[in-house]
């Protein structure tokens, strides 16, 4: 697959790295000479110093032979105009634009919903953009998902499935301490898969002989209904979240609050899906007077504090130290980590911190923060998932590692079509986690005798270095 990326900032570079690792052909365009010089020394791809919104530049970069255009410059207008320009000449090319202006995003989503028939079929998408990605919406989605899970740990949920991939710490003295992967099934009658293991700073695909020790973390795939019992075996427990303190009433905090405490159905809730549980007690805290005032007006039934949570005595005086969860979602990502750790030290049971990228995940965990949501990584995941076409419905990175979770649909031309899993297995390269057979309404954990057929939906985990090999095997590279 050939991809042209306009914008060599953090997101553009991370996208390029992921695509290069997957053996894709990448051209990166940026108009800053110093940035281009720096990136050229770091990435194994063509890097062009020019304006990306120039059709001549794009054609010299090979846009006519590309499969996709991704616009992630610092300017929303440049991203949108570039997509529109290319769409006028190359309408069949997949075009993805990142936008930071929330009005652009929400108004575009509203227009597409209101005039759905106009932007489907033979008609071109709005602005010529096939997918518009907003960083704040992606991050808010990740935070809301974490709250729905009880903020126990990092996890990945799958479309139309009752299964969840949950990262769980193995406690000293639990039945898993010292156990082999192949023996874990003996501890429970529930169906499960050990998808990955984190140990000694590495995250990898295990085999049956892999031994788990205390202090390690394992990625468990199982039905959500069985999680409580299984967590007990690991020495953990599923915590009920009913009292939540949200620190930060900026855009991301507002989107999170909108989802968690507003019962009415609106455009945003449609984008997120139905709310799963009621929060009994919710407070919002922001030191910025304007943010606090806006939150107070928008959420009239919620207690809003204009305060600095690090101010001595505030947390205890307002009873926040008795809460189940604190969400730190301010625009100061480093302070989110500090505030989450501080408030949890005062008695709050769990914490979620919004961080800038995946490099902060490990730091956050080491100081006791249950979930760190990386803003930039969530955008990269969203864009990558759109790149692989209709056969890929989702893609997720695993806790900042080189592992990726793919949700794919088996194509007729796929090498695996008509074959049993035991025939296609490649140890250490990929592992099939879930399969939904054609005509079935639910995903199931497969075994070695499960035969894959055209239009079966499959969830698998793979190393990013093996991404293209696996994609070709399952017929997902177009």
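In the numbering used here, the protein residues as written are 2 to 479.
Each residue gets a CB set at the ideal place from its N, CA and C atoms; glycine is no exception.
Bear in mind that the values here come from a model prediction, so they are computed numbers and not experimental data.
Residue i vs residue j beta-carbon contact at 8 Å
| i | j | result |
| --- | --- | --- |
| residue 374 | residue 144 | yes |
| residue 433 | residue 404 | no |
| residue 452 | residue 475 | no |
| residue 288 | residue 258 | no |
| residue 439 | residue 420 | no |
| residue 197 | residue 204 | yes |
| residue 1 | residue 21 | With the chain covering only 2 through 479, there is no way to say anything about residue 1. |
| residue 99 | residue 73 | yes |
| residue 253 | residue 104 | no |
| residue 285 | residue 303 | yes |
| residue 183 | residue 129 | no |
| residue 218 | residue 176 | no |
| residue 357 | residue 376 | yes |
| residue 457 | residue 411 | yes |
| residue 194 | residue 222 | yes |
| residue 215 | residue 173 | yes |
Sequence-distant residues of the same chain with beta carbon closer than 8 Å to residue i, five excluded per side
| i | result |
| --- | --- |
| residue 41 | 48 |
| residue 163 | 224, 225, 226, 443 and 444 |
| residue 266 | Because the pLDDT of residue 266 is 37, which lies under 50, any placement of that residue in the model is unreliable, and the number read from its coordinates should be weighed accordingly. Same-chain partners within the cutoff: there are none. |
| residue 208 | 182, 428 and 429 |
| residue 448 | 422 |
| residue 230 | 189 and 191 |
| residue 366 | 373 |
Proximal residues to residue i (C-beta, below 6 Å), its chain only, five neighbours per side dropped
| i | result |
| --- | --- |
| residue 31 | 9 and 37 |
| residue 75 | none |
| residue 131 | 95 and 96 |
| residue 470 | none |
| residue 5 | 28, 62, 64, 67 and 70 |
| residue 383 | 134 and 139 |
| residue 34 | 50 |
| residue 192 | 446 |
| residue 283 | 245, 262 and 303 |
| residue 296 | 250, 285 and 305 |
| residue 1 | Outside the displayed span of the chain (2 to 479) sits residue 1, for which this structure offers no information. |
| residue 220 | 166, 168, 196 and 197 |
| residue 391 | In this prediction, residue 391 has a pLDDT of 47, which is less than 50 and means its spatial position is unreliable; nothing more can be read from the coordinates. |
Cα-Cα separation, residue i to residue j
| i | j | result |
| --- | --- | --- |
| residue 325 | residue 243 | 7 Å |
| residue 425 | residue 345 | 47 Å |
| residue 55 | residue 101 | 22 Å |
| residue 327 | residue 248 | 7 Å |
| residue 16 | residue 413 | 29 Å |
| residue 210 | residue 423 | 18 Å |
| residue 213 | residue 349 | 30 Å |
| residue 262 | residue 250 | 14 Å |
| residue 311 | residue 340 | 7 Å |
| residue 200 | residue 353 | 23 Å |
| residue 355 | residue 39 | 28 Å |
| residue 399 | residue 166 | 10 Å |
| residue 146 | residue 57 | 43 Å |
| residue 450 | residue 429 | 19 Å |
| residue 274 | residue 260 | Confidence is the limiting factor: at residue 274 the pLDDT is only 43, short of 50, which leaves the residue's position unreliable and the question unanswerable from this model. |
| residue 417 | residue 468 | 15 Å |
| residue 93 | residue 87 | 10 Å |
| residue 347 | residue 322 | 6 Å |
| residue 511 | residue 90 | There is simply no residue 511 to check, as the chain begins at 2 and stops at 479 in what is shown. |
| residue 301 | residue 388 | 41 Å |
| residue 59 | residue 24 | 21 Å |
| residue 472 | residue 26 | 15 Å |
| residue 441 | residue 290 | 53 Å |
| residue 431 | residue 408 | 13 Å |
| residue 44 | residue 2 | 17 Å |
| residue 202 | residue 178 | 18 Å |
The ligand SAH heavy atom lying under 7 Å from the CB of residue i
| i | result |
| --- | --- |
| residue 428 | Ligands displayed in this structure: none; no statement on the ligand SAH is therefore possible. |
Own chain partners of residue i with C-beta closer than 7 Å, once the 5 adjacent residues on each side are dropped
| i | result |
| --- | --- |
| residue 19 | 381, 385 and 465 |
| residue 82 | 54 |
| residue 369 | 342 and 345 |
| residue 318 | none |
| residue 256 | 137, 138, 141 and 269 |
| residue 437 | 443, 444, 457 and 458 |
| residue 316 | 310, 322, 344 and 347 |
| residue 52 | 32 and 58 |
Contact with chain B by residue i, beta-carbon distance below 8 Å
| i | result |
| --- | --- |
| residue 2 | Absent from the structure is chain B; it holds one protein chain and no more. |
Open item on the list: List, from N- to C-terminal side, the beta strand (DSSP E) runs of 3 residues or more that fit wholly inside the segment 188-243.
Closed with: Counting only runs of 3 or more, we get 193-200, 203-205 and 218-224.
TODO: Mind the definition here: the segment 349-363 touches the segment 330-339 only if three or more C-beta pairs lie below 8 Å; say whether that holds.
DONE: A contact exists between the segment 349-363 and the segment 330-339.
Open item on the list: To test your reading of the DSSP string, which unbroken beta strand (DSSP E) runs of 3 or more residues are found completely within the segment 321-368?
Closed with: 326-329 and 351-356
Task: Uninterrupted alpha helix (DSSP H) stretches inside the segment 439-478 (no shorter than 4 residues) - done: Those alpha helix (DSSP H) runs which fall completely within the segment 439-478 and span 4+ residues are 468-474.
Open item on the list: Quick check for students: name the residue ranges of the beta strand (DSSP E) that lie wholly in the segment 69-148, counting only runs of 3 or more.
Closed with: Within the segment 69-148, the complete beta strand (DSSP E) runs of at least 3 residues are 69-72, 95-99 and 132-134.
Task: Residue ranges of each alpha helix (DSSP H) within the segment 285-310, 4 or longer - done: 290-299
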